[in-house]
Structures are given as structure tokens and as C-alpha cells.
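> Supplied in C-alpha cells, the structure appears directly below.
Chains as they are written, first to last, in our numbering: chain A, 1142 to 1318; chain B, 3 to 114.
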């Protein structure tokens, strides 16, 4: 698990760079670094399908960010501003929240899903009966396209709703001219 | 356990960006970071030490396989994440064309 820890520390470091750097273009590139580290982590976590999808999505998302930044500005004018009293209050509240959040999340996650438990009955059913029931060698495909096909229909609905939303927001500007 | 803690720390980096940053692009980046953290956390929950990918003809005795269900759901979540990012960026672009800045305080000043 040590390699995973190193990868995660790299992800957190790149995430902090993405959030704190003044140049928005560099920020988008740092976000891309986090995304590709996530893809490598998925390969390490025995999830090749997720790694493939993550790479495709990450390329698209960085292209979106760069396109928007090139059309507008790449300087974060709000960065490096002096902190006021309200900001310091926000930081203190956030620090307390971070501690409580991590403490209780880890406690709960470990109580209902310990790291080395055996697979549950549902996962075992997918693994042993999946080929006979769906004909898919890849069990992830079997779940996405057969056992939970309605979820996939919902996913497509959400995706098209997002596309329609983005297009309608961007179209208003074209019509005004 | 340390893996869970660092994934949650990545989630908190994203949340920090959403709460404290005044730049719309930074807020969109924070959303993406939170997404990555949750996806990675779910993939870790479906993983066992030494597990093989769930691509197999028949289960071999004595081998451990990763849980296919979290992987399938994370697959859905990754794609929806791109939709969220695209929508946020469209809103940011539209607001920039209106007020000439990504600064969220400028938008508050325009109110009324």
C-alpha cells in the first residue's frame, strides 16, 4: 500500500497547487496532474475500466478548462489579497470541521467496511454467476449494462441534462447580438 | 487506514477551495477535486490487498478479486462529474462575459 500512499500524497500536493497558484492556466494543468494520478491509482486498485474512463474524461475536462481560460483571462485577481478578520474566522471553522470530518469518516468507514474483509454475497454472485447470467467476461460491464442498466439510463439522462443546461446557458449570449 | 485519511484530505482541499476562493474557475477546480477524492475512496473500499481486476471467465480458488459493484457505480460518477464541470464552466464563461471578471465579490456587488 506504500505506493498508493505516495500517489495520494502527490495528488494532495498537486491539488493544493491547483487551488493556491495565481495563474489559472497553471491551476488547470495541476488539476490535470491530479486526474492522471487518479487514473494511475485506479490501475493500482485493480480497476482498469475506471482508469480508461478517467483518462478520457480528464483530457476532456482539461481541454474545457483551457478553452474557457484562453477565451477570458488567466490571472486570478482575487489571489494574494490580504486576509480580513472574517477570513481568519473561516479558516478556524474550516480547520475544526476538517478534524471532526476526518475523524468520524474514518471511524465510520472502518466500522462498516474494514479493509481486509471478505467480499459480500452480492459481489460473490456477480463474480461467480456473472458470465452465465449476462455473458460478459468483464463483470464491471455486466453490472453497468445488465444488472444495473436502469442506473446507466439515469446516468445518460443526467449527462444530457447537463449538456442541455450548458448549451442553453451559452446560447443566450449568441442570441443577444 | 492511512489511505482513507489522505483521500479525505484531498476531499477537504476541494471543499477548502469552494469555501474560501473568490474565483469561479477555482471553485470549479474545487468541485473536480472533491469528485476525484470520492471516486478514489469508493475504489479503495472495493479493493482488497492483492486483488485481481474483476475480469474473469471462472473464479479460481484462492485468488482475491476486486468488488465490481463500486467500480461500476464510480464509472457512472466519473462521467457525471464531467457534466458538472462543463456546466459550471459554461456558467463561469457567461458571467465573465457579463461582468468582465471571475471574482465572486463583483457578482455580489451587482445585486439589486
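Glycine is no exception: its CB is placed at the ideal position from the N, C-alpha and C atoms. Computed from a prediction, not measured in an experiment: that's the story for all the values here.
1) If you draw a straight line from the alpha carbon of residue 46/B to that of residue 1172/A, how long is it in whole angstroms?
2) How would you label residue 67/B, buried or exposed, when you count the other beta carbons within 10 angstroms and need 16 or more for buried?
3) Starting from the beta carbon of residue 73/B, find every residue of chain A whose beta carbon is closer than 7 Å, and list them in chain order.
4) I want to check one thing, is the minimum distance from the CB of residue 1233/A to the heavy atoms of the ligand MN below 7 Å?
5) Name the residues in the stretch 91 to 105 of chain B whose C-beta lies less than 8 Å from a C-beta of chain A; which are they?
6) If the cut-off is 9 Å on Cβ atoms, which residues from the stretch 28 to 44 of chain B count as contacting chain A, listed in chain order?
7) What does residue 85/B reach in chain A if we use C-beta pairs closer than 9 Å?
8) With 9 Å as the limit, tell me which residues of the stretch 7 to 23 of chain B have their beta carbon closer than that to any beta carbon of chain A; keep them in chain order.
9) Pull up the distance between the alpha-carbon of residue 73/B and that of residue 1281/A, whole angstroms please.
10) Interface residues of chain B around residue 1296/A at Cβ under 7 Å?
11) What separation, rounded to the nearest whole angstrom, lies between the Cα atoms of residue 1269/A and residue 96/B?
12) Cβ atoms of residue 13/B and residue 39/B: under 8 Å apart, would you say?
13) Quick one: grab the DSSP three-state call for residue 1217/A.
14) I'd like to know whether the C-beta of residue 63/B is nearer than 8 Å to at least one C-beta of chain A.
15) How far does the alpha helix (DSSP H) with residue 111/B in it reach, from first residue to last?
16) Taking 8 Å as the cut-off, decide whether the C-beta atoms of residue 27/B and residue 1210/A are in contact.
17) The alpha helix (DSSP H) that contains residue 1279/A, what's its start and end?
18) Looking at the C-beta of residue 54/B, does it have a partner C-beta in chain A at a distance below 8 Å?
19) Look at the alpha carbon of residue 1267/A and the alpha carbon of residue 70/B, and state the distance between them as a whole number of angstroms.
20) Would residue 1286/A pass as a contact of residue 1278/A if the rule is Cβ separation under 8 Å?
21) How far does the alpha helix (DSSP H) with residue 77/B in it extend, from its first residue to its last?
22) Less than 8 Å between CB atoms is the rule here; does residue 58/B satisfy it with respect to chain A?
23) Could you check whether the stretch 71 to 91 of chain B touches the stretch 1189 to 1208 of chain A, counting it as contact only if at least three pairs of C-beta atoms, one from each stretch, sit closer than 8 Å?
Result, derived from the coordinates:
1) The straight-line gap from Cα to Cα measures roughly 21 Å.
2) Burial call: buried.
3) Result: 1188, 1190, 1191, 1281.
4) Inclusion of the ligand MN in the displayed structure is not the case, the ligand content being empty and no account of it being possible.
5) For the stretch 91 to 105 of chain B, residues whose beta-carbon sits nearer than 8 Å to a beta-carbon of chain A comprise 91, 92, 93, 94, 95, 96, 98, 99, 103, 104, 105.
6) Those residues of the stretch 28 to 44 of chain B that come within reach of chain A (Cβ to Cβ, closer than 9 Å) are 28, 30, 31, 32, 34, 35, 38, 39, 41, 42, 43.
7) Residue 85/B reaches chain A at 1299, 1300, 1301, 1302, 1303, 1304, 1306, 1307, counting residues in chain order whose Cβ is nearer than 9 Å.
8) From the stretch 7 to 23 of chain B, only 7, 8, 9, 10, 11, 12, 13, 14, 15, 16, 17, 18, 19, 21, 22, 23 have a Cβ closer than 9 Å to chain A.
9) Taken atom to atom, the span from the alpha-carbon of residue 73/B to that of residue 1281/A is near 7 Å.
10) Near residue 1296/A (Cβ distances below 7 Å), the residues of chain B are 78, 81, 82.
11) Taking the straight line from one Cα to the other gives about 51 Å.
12) A contact, by the Cβ cut-off of 8 Å.
13) Coil, per DSSP.
14) Residue 63/B does not count as touching chain A.
15) Under the DSSP assignment, residue 111/B falls in the alpha helix (DSSP H) whose first and last residues are 106 to 112.
16) Their beta carbons are under 8 Å apart, which means residue 27/B touches residue 1210/A by this criterion.
17) Segment: none, residue 1279/A is in no alpha helix (DSSP H) and carries neither H nor E.
18) Under the Cβ distance rule, residue 54/B counts among the residues neighbouring chain A, one pair being separated by less than 8 Å.
19) Approximately 8 Å between the Cα atoms of the pair.
20) Cβ atoms of residue 1286/A and residue 1278/A: not closer than 8 Å.
21) Counting along the chain, the alpha helix (DSSP H) containing residue 77/B begins and ends at 70 to 101.
22) Closer than 8 Å: yes.
23) Cβ pair count under 8 Å is three or more, so yes.
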